[in-house]
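Just so you know, the sequence shown maps onto residues 334 to 639 in the numbering used here.
Just so you know, even glycine gets a beta-carbon here, dropped at the ideal spot from N, CA and C.
See below for the structure under consideration.
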Amino acid sequence: MNREILLGDEAVALGAVRAGLTAGYSYPGTPASEIMEYLIRLAEKDDGFSAAWCINEKVAYEEALGVSYMGKRCLVSMKHVGLNVAADPFMNSALTAIQGGLLVVAADDPGMHSSQNEQDSRYFARFARIFCFEPADHQEAYDMTGAAFDLSEKYEIPVMLRMVTRLSHSRSGVVTGERRTPNEFRRGEGKDWTLLPANARRRFGRLLDIQADLTRESEKSPFNKLTINQGRKDVGIIASGIAVKYVFENLRDMKDAPSLLKISSYPLPESRVRELVDHVETVIVVEEGYPFIEEQIRGIFGVAGK
């Protein structure tokens, strides 16, 4: 175990390498660029994996998908609007059989520091019906990267890691581990990659079948944490990603802090949401970007508020 000072983007890159990465692909765009920049620097010192820029995000995604189909772990990174460019292979890859873990890192830019919009990539993950991690700090960015590869291989789907500007471009200490041995080459079934209608219907049925499993994964995830204050029932807070740190900063001097549910993965951990809602009179949702969690909570309970 070592402790290193890393950018959030660098924590993702190093986490991928230590998780047994074979290749990484990207197209430059802030706040995601530093992921590939760091991967390339690491690859120059280590011939155990490769890293490369591509001509656009769609090509980068397809390169990564090809590596994954051969049983190898691969990362593709881009900024949030880059996912628009990669949308065709991204959406369809959710129906194919991922062999080696495929991690899709989408770096969002709330506040539009260097972007034309602040679209929220969590909606893309939900649209594709795949799992999404959202780290609250640099250590989680590192740890979730490895967890995402494991989950991708377990369910044969791409897994998204949602970063945001303030996490990508800040530094913090990260405890890192040893490198995992990369996967062996594995030949799969071509029919699980070719989305002719007959294959697509079968694969889409499977994708629907695992939705409950993905929710259970989120329910038991150690990254989602519920802290109940038994003595206070007036208000509770649900916070996600780096917004959790903003909440901590504001509550640190409060003697009687409200109950807090920290959410770091999607699908939502519904049972934990219900436990918090049942305990308090009012729920405040704090999240970076669009009201993604807020809208889903309304759907769970069928009301606009409590």
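- The three-state secondary structure of ALA385, taken from DSSP, is strand.
- With respect to ARG536, LEU398 sits apart: the two C-beta atoms are not nearer than 8 angstroms.
- Spatial neighbours of GLY434 in its own chain (CB-CB distance under 6 angstroms, excluding positions within 5 residues in sequence) are listed in chain order as ARG406, PHE482, SER485 and GLU486.
- Annotation: GLU390 to HIS612 spans about 45 angstroms, alpha carbon to alpha carbon.
- Per the coordinates, the alpha-carbon of GLY569 lies some 45 angstroms from the alpha-carbon of ALA385.
- With respect to the C-alpha of LEU601, the residue from SER501, CYS465, GLY538 and ASP525 having the closest C-alpha is CYS465.
- With respect to LEU547, TYR623 sits apart: the two C-beta atoms are not nearer than 8 angstroms.
- Nearest neighbour of VAL618 by Cα position, chosen from ARG605, LEU593, PHE634 and TYR599, turns out to be LEU593.
- Pairwise C-beta distances place the region 416-423 out of contact with the region 467-483, as fewer than three of them are shorter than 8 angstroms.
- Assigned with DSSP and collapsed to three states, ILE571 falls in strand.
- For the pair GLY362 and SER503, the CB atoms are not nearer than the 8 angstroms cut-off.
- Beyond the five residues adjoining it in sequence on each side, GLU627 comes within less than 8 angstroms, by CB distance, of VAL618 and GLU620 in the same chain, given in chain order.
- The three-state reading of DSSP puts LYS553 in helix, counting H, G and I together.
- DSSP links ILE596 through a beta bridge to SER573.
- The shortest C-alpha to C-alpha distance from PHE518 to any of GLY357, ILE338, MET403 and ARG351 is the one to MET403.
- Contact annotation: the region 526-542 does not touch the region 582-597, with fewer than three C-beta pairs closer than 8 angstroms.
- Counting along the chain, the unbroken alpha helix (DSSP H) around ASP611 starts and ends at 603-612.
- If you look at ASN335, you'll find it in the beta strand (DSSP E) that goes 335-340.
- Close CB contacts of CYS387 within its chain, under the 8 angstroms cut and outside five residues either way in sequence, are with TYR358, SER359, TYR360, ALA393 and GLU396 (chain order).
- Taking each of ALA531, ASP470 and VAL492 in turn and checking the Cα distance to LYS578, the smallest one comes out for ASP470.
- Assignment of GLY434 by DSSP, reduced to helix, strand and coil, places it in the coil class.
- Cβ neighbours of GLN629 within its own chain (closer than 8 angstroms, five residues either side excluded): LEU601.
- The shortest C-alpha to C-alpha distance from PRO530 to any of ASN425, ARG462, ILE490 and ASP380 is the one to ASN425.
- Rounded to whole angstroms, the gap between the alpha carbons of ALA352 and VAL345 is 10 angstroms.
- The shortest CA-to-CA distance from LEU354 to any of VAL400, PRO364 and ALA365 is the one to VAL400.
- Under DSSP, LYS558 shares a beta bridge with LYS595.
- Here GLU552 has PRO602, GLU603, SER604 and ARG605 as same chain residues with Cβ atoms under 8 angstroms from its own Cβ, once five neighbours each way along the sequence are excluded.
- In this structure, ARG565 lies near ASP589, with their beta-carbon atoms less than 8 angstroms apart.
- Assignment of ALA397 by DSSP, reduced to helix, strand and coil, places it in the helix class.
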